[in-house]
Each structure stands twice: as structure tokens, then as C-alpha cells.
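> After the C-alpha cells below, expect a handful of questions from me.
Protein chains in written order, with my numbering: chain V, 1 to 420; chain S, 1001 to 1420.
Right under this line is the structure:
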């Protein structure tokens, strides 16, 4: 008997029929003797509708009122799933964030969870195996008002609940059946991984593999919550679905649990990047802060930063990337602060892609980067910038080569599916 | 400066544009220096949608979960109205039932309000004239879960809030502009009353004048909450709308406040009544309980009851009315319990109408009933049954005479509008 958290996103609970399908997944685990907490999102489309009404009411609106309106979506789904489970003979009840409570900070609209009291839920597990159906994405702020966690917050809710009730596993049911070595739409030979470490998943998530929200992976890593990505659209009672030790999907876990570590685990990519270069920047202490401070203040997400070493110690070149959608804004901010930033000219270009090679094994293997550079060169793909971390190599290239680069790297590191 | 509660129903908040119109009504009162609490319903259609989902999930469902789902409708409206008010420069915040809290009993789905703590709302009135936007129809049950008050509960919420914060008046904004001497669709010469007593309104409400829920009028009477019925669709800034002493609409108040008391105030009617007669019922103690007990247990709403005096003291006739929709059910119950009820035969008929003459002045005037009987007789309308109370005469007639009877009575008691 285990303690499980199951999380279902908006497309999995889009209508009452799909909610019934979700209930069958839950019932399968309950019938197997597990104690289950379920975290649900709003029905697909509902959150957008609610957000739309807030905007229509006023383009600039009080985040506390926005939270009140938007959190109603998860409230509806939680109640409906509890009703459906009861109709199948499963003992269940719904919990709103304020009832548990899931305590957050006061940052309405993008709150952080500070504390979850799991005692009531655990007591009901032990009293009569009651399933807790929890409205995701919401908590109670210190002002005794509803706070939402920001978009994608239901994944974070699920992981945080799992940590609070010391669950054996947090199963994230989604519209894909696991985490792949790269995007299968680009590389059909991409393989579903059985396991991936938290650190690697964090790089995959933040680099464009949209399976899980970055925040939820961070949280899972900190609290060592074994998190499992699986499909909600498969038949809940298909063979193997209830296999506790080896269900179909990808386990995100501590690297200790991964026996045979690959050098490279996956290839991620992020399209629509833009590059900004400042030429002949005055090379003085504090210049980076002078450049990136105003950008951060304006909410521009600066990613790769490459500062070349200046020849004479007085002037240098500074290159960095931003999402293409932020390029105009970033350029305006820099032009406006030119006097303070002290550069000669600014150059910028959009339509770029960042390809990343990820793998914990990299830490103990040399030559991983060289392999990538050589493989890309062989295909005639020009490298514009490179940044590296302990477990990742990111390479900025022209957007037109995106798919070719992903396939080339996927193949060169031996990630391609073996043909049967 | 006064303390006001304003209540807006579903059609008044059906979309963001209408919510903006509601906000203008609120702002008008705030600008006049009043302290305002607003009680809102769900957007028109929303409650039905939510109820529909609950039924689709399971025909029989946990009332606590139903409450969780359905109460989300008012939550959305309250947040949106607060946002809209803020965008107009009005200091406002939303309150859910559990935040105030509005404490109810444990009868989920049809809960009764037990206690409201108005202190936070009053403090914010006094601190910075903040408008309280309150989700109607909901409260917090002793189990720390959301309870709804049953359909039409937002009127009750508004009156209860008004009592709790000792408001000077509770303005019910609705889709009619007041209470009329009878239904204007039947009698175009019906007049809008300036004032009507709680007792009279109670009879009007329960007899089919659908302006206000019966429960809310009861509550207003008990707590002496001056309740004002007015239109939400008039231009909020039209002349006279902000007139505190004499706004357009009908004041429901204590009879002391009504200087010139009419003998008859209004004519109400209820169509689709059915009559059941039990012939030669054994005339023994407890026979009424034997008949009406099983009907009450089955939730059949028995209205007029007429027991004729038996000739010889052994057998009597018992006639009563039920809503036509309950006729089959009532007949089945009676047939099944025939042995216990001890009657000879049962006769029933649908398609009847109950017309009622209402007026507090009746208490001190004689001949009011005789006037009605004579007027109906002159029109050839047959009277099937009569019941009277201190302030009401109800007459059961064939449905085809409904409109004629209403117009005849309206005219004979001098209620017709004087032609200009």
C-alpha cells in the first residue's frame, strides 16, 4: 500500500465525460489499496474565459480579485470529480486551498506556497481511505484571501501536496505519455525515457520541453518528490496501467535511483530566440549590472550571456539572448540607457534557436561539447554562441537549422531508438 | 450618510457590460456619501450550467460537493464587480461567504443562515468607506465547507447582511421596477405601490408575485429590514435614482411606516393548482394528520384545506389543493394509504387557479370578502373553495377565468390606475 498524489490538467478534465475517465484512473489506484490525493486543474478553456472577463472588466486589475475569479475554475472541477468518484462507490471529498489550508505568501496572482497542513488529509486516509480531491493552482494568502500560483501552478500544487503528505510518488497525468529524449515531432526516433534525474528534467523543462512547469520540478528536486509523467488518455484499465513498480511513463527522481547513467540524456531546444550584441562596451566594474539591471527591472528574460575578453582591457563586446517577443522592448531599453551603458553600437537579430545537450553524465566525461561542435560543423551549421553548465551545453544557431541540429545531436549521442 | 445593502440578481450581472452598469449604481450611492455593501448572484445561466454538470456527473450527488461547484458562480461575479468598481475609482473588495463569515447550519444545498459577523465590513466602512462586494447565496457550514442557501438565496443573503450590519435599507435591484397591485401583464392598469407592509408582501410573494423570495421577506419582517424593490436596468444616473428618501420603486416596511393604509393592497394569483377531494372521510380525531402526514413526508406542498362539517358527526368531506405538478404523486400516496385514511372515494381536478385579495386594512374592515364573492358572481365565475386569513382571502376558481377574476377584483377594490 502506498500513498499517491495524482494530478490531472485541464485537457484531462475538459468535460464531465473526461472527468469520469479521470475517476477511473483514481478508482484503479484506490482498488489497489493505495491512499490517493488528486489535484485537478480547471476544465480546459475555463481559466482563459475567467482571465478574459477580468481583463474585460479592467485591463489593470487587483490581483486579489483576479485570484478570486480565476480560482473558481479549479473549485468546479474538484467538486465534480468528487461527485463522480462517489457515484463509482469511491469515498471522496473536495478540498479548496483555503480549507486544507495551502498557505502561500501575499504575491497574489503568482503566489509561492509557504506551508501545507496535510494532517486532515492524512487522518482521513487512515480513518476510512477517503480520497482527497484538491483544487490545484490555489492557496490561502496571509490576508485570508485566495491566492493563485500563476499559470501551470497545478503541477506545483501537486508536488507540494506530495511533499506535505509524504507521498511515495506524484503522478502527473498529462496529454503526453512521458518525457522523451527530444521532441518526437522533430525526431521520430526519440525514445521515451524510463527515468530522468531532477537536474536533467529541470534543464529539459526550462529549455522548451513543455511537459512540466519548471517550478514544480524545482520543488520536486528540493523535497525529493518522485514525480511520474504519464498519459491520462490511455484506457485507465489497460494492462500495466496499475503496475505500481513499473507503470508506463517517465519517472523523475534523484540521480541515485538511476543505475546506468547516460552521458547525454536528451536534446532540448527553444525557438524564437533573439540575439543582441553591444560593441565596444567600456570595460569597467559594474558594467554588466548597468546593462542587465534595467532589462531585469522591465521583466525581460535574458538567457545566454557571452562577454568576450577585451584586447586592451578598456573595451569589450557583450552578447546575450532574449525571447524574440522581447527584442523590441529590450532594444528600446538599451537605447534609452545608452549613456549609462557606454557602448558604441548595438546589433540585434531574431529568428534564432538555442539547442541544448543535457546529461548528468557529462560531469564525469570529457569531450561531450567537442562532439557536438564537430557534428554541427559537419552539417554546415554555424554556431553563434555557446554557454555551458555542469550538465548542459547550449548552442545558439540560425533558426532554419533547428530541426537538422536537433536530429544531428540526437543521433551523434546515440539517443536514437533502436529499430526493432 | 446612510448604510445601504444593494442586491443584484443574475440578469443584472449577466456579462461584463451589465456588471459595469451595476457598478455605476453602486458608485452613485458611494458618491452620495453612503456606506455600501453589494450582494451579487451568479451571471444569468451560470448556476444552471453548474447544476447541469453536477447532475451529469451523477443524478444523485453529495450536497456538499454540489455547494462547492455551484457557489463558484457568485464568486466569479463578486470578483468581477470589485475589479470594475476599482477601475471606476471606487474602493472595493470582494467577500466570499467563508471569509465574512456567513455561518449557516449543516443543511447543504438548502442551508439556513445562523449568524453573520459584520464587524470586518463595518470596520472597513469606517476606515476608508470601502465597498463590500459579497457573493450571495453562500455561507460557511459548521463542517468548514461551503453551503448554499438554495435557489433565490441571494435575496436572503442580502437581507441577512443588511440585518447584520444594521443597514438603513436593503435595495433589491431586479428586472421589474417595483411591486405592483397585481401582475401588469394581466391588468395594464396595475399600479406600482410606493409602500407595502412585510405581512402583505409575504402573502404577495408566496402567492405568485415573483418579485422576492418568500424567505427573504420573512427574514426582513423578523429583523425589520426596510427592503426596497427597484430596477437595475434604468440609467443609474437618471434624475431621482439617487434620491435617498424617495427613489423609484417599492418600499417593503413595517406597517407603522405606512400612513394611509389601504383596505386591499393587491391581488395575487397562482395558476396550475389542483384540487383533491376525499368524500365521506371517517370523522375521528387524528384523521387530518393521517391524511396530510404522508403527503408532507413526500414533500407535497398542500395549500388550501377545506373540511366541511359532517351532518351526523361520523363522515365528512375533505378538500385541499396541491400544485398541479404534484397531483399524480399526491393521488398515488393517498390511494396507497386509503385503508388508514378511511374515505369512500377520491376526486381530483387540475387546471385551477387561486386568486387572493391581500390587505392589512382588512383586519379592521368588514365586508371585504363579501365584495369579492359578489363581484365574481356578477361575472359568472364559480367559486370552488375559499380560505381566509387575517389579511388575505383566497378563492379557488377554474383556470380559464384567471385573468378575468384578477381584473374584476383589481377593479372592485379601487386599485386601478387613475387615467391621467
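In this text, a Cβ means the ideal position worked out from N, Cα and C, and glycines have one as well.
1) According to the neighbour-count rule (16 or more other Cβ atoms, all chains shown, within 10 Å of its Cβ), is residue 326 (chain V) buried or exposed?
2) When burial is assigned at 16 or more other CB atoms within 10 Å of the CB, is residue 1364 (chain S) buried or exposed?
3) Measuring straight from C-alpha to C-alpha, what distance separates residue 400 (chain V) and residue 380 (chain V)?
4) Would a C-beta distance cut-off of 8 Å place residue 37 (chain V) and residue 172 (chain V) closer than the cut-off?
5) How would you label residue 1299 (chain S), buried or exposed, when you count the other beta carbons within 10 angstroms and need 16 or more for buried?
6) Closer than 9 Å, Cβ to any Cβ of chain S: which residues of the stretch 58-73 of chain V, in chain order?
7) Based on Cα-Cα distance, which residue from S:1353, S:1290, S:1313 and S:1337 lies nearest to residue 1321 (chain S)?
8) Looking only at C-alpha atoms, which of S:1417, S:1061 and S:1070 sits nearest to residue 91 (chain V)?
9) When you compare the CB positions of residue 1250 (chain S) and residue 1193 (chain S), do they come within less than 8 Å of one another, or not?
10) So which residues of chain V does residue 1084 (chain S) contact, with C-beta pairs closer than 7 Å?
11) According to DSSP, is residue 251 (chain V) part of a helix, a strand, or is it coil?
12) Under the rule that 16 or more other beta-carbon atoms within 10 Å means buried, what is residue 1347 (chain S), buried or exposed?
13) I want to know whether the stretch 256-265 of chain V touches the stretch 358-372 of chain V - three or more CB-CB distances under 8 Å.
14) Between residue 1140 (chain S) and chain V, is the shortest Cβ-Cβ distance under 8 Å, so that the two count as touching?
15) Interface residues of chain V around residue 1078 (chain S) at Cβ under 8 Å?
16) Taking any Cβ of chain S, which residues in the stretch 264-286 of chain V have a Cβ under 9 Å from it, in chain order?
17) Only counting runs of 3 or more residues, tell me where the beta strand (DSSP E) segments fall wholly within the stretch 337-368 of chain V, in order along the chain.
18) Apart from the five residues on each side of it in sequence, which residues of its chain come closer than 8 Å, Cβ to Cβ, to residue 29 (chain V)?
19) Mind checking if residue 1021 (chain S) is an interface residue toward chain V, Cβ cutoff 8 Å exclusive?
20) What are the partner residues of residue 35 (chain V), as DSSP defines its beta bridges?
21) Using only alpha-carbon positions, find the residue among V:77, V:148 and V:170 that is nearest to residue 20 (chain V).
22) Could you have a look at residue 30 (chain V) and say whether DSSP puts it in helix, strand or coil?
23) Reducing DSSP to helix, strand and coil, say where residue 225 (chain V) ends up.
24) For residue 130 (chain V), would you say it is in contact with chain S, using Cβ-to-Cβ distances shorter than 8 Å as the test?
25) Would you mind working out which of S:1343, S:1340, S:1308 and S:1302 sits nearest residue 1324 (chain S), comparing C-alpha positions?
26) I'd like to check one pair, residue 343 (chain V) with residue 384 (chain V): are the Cβ atoms closer than 8 Å?
27) For residue 1009 (chain S) versus residue 1174 (chain S), is the C-beta distance shorter than 8 Å?
28) For chain S, find out if any of its Cβ atoms is closer than 8 Å to the Cβ of residue 91 (chain V); answer yes or no.
29) Name the two residues that bound the continuous beta strand (DSSP E) containing residue 272 (chain V).
30) Indicate the three-state DSSP secondary structure (helix, strand or coil) for residue 1329 (chain S) in the structure shown.
31) Write down the C-beta distance between residue 237 (chain V) and residue 18 (chain V) rounded to the nearest angstrom, noting that I regard them as a contact closer than 8 Å.
32) Between S:1206, S:1153 and S:1022, which lies nearest to residue 1110 (chain S) when the distance is taken from Cα to Cα?
33) Would residue 182 (chain V) pass as a contact of residue 406 (chain V) if the rule is Cβ separation under 8 Å?
34) Residues of chain A with a CB under 8 Å from the CB of residue 144 (chain V): which are they?
35) In terms of residues, what are the limits of the alpha helix (DSSP H) holding residue 86 (chain V)?
36) Name, please, each residue of chain V whose Cβ falls closer than 8 Å to the Cβ of residue 1016 (chain S).
By the coordinates alone:
1) buried
2) exposed
3) 12 Å
4) no
5) exposed
6) 58, 59, 60, 61, 62, 64, 65, 66, 67, 68, 69, 70, 71, 72 and 73
7) S:1353
8) S:1061
9) yes
10) 57 and 58
11) strand
12) exposed
13) yes
14) no
15) 68
16) none
17) 345-358
18) 4, 6, 36 and 242
19) no
20) V:3
21) V:77
22) helix
23) coil
24) no
25) S:1302
26) no
27) yes
28) no
29) 266-282
30) helix
31) Actually they are not in contact, since the Cβ atoms of residue 237 (chain V) and residue 18 (chain V) sit about 16 Å apart, beyond 8 Å.
32) S:1153
33) yes
34) Judged by its chain identifiers, the structure shown contains no chain A, and its protein chains are V and S.
35) 72-87
36) 53, 56 and 57
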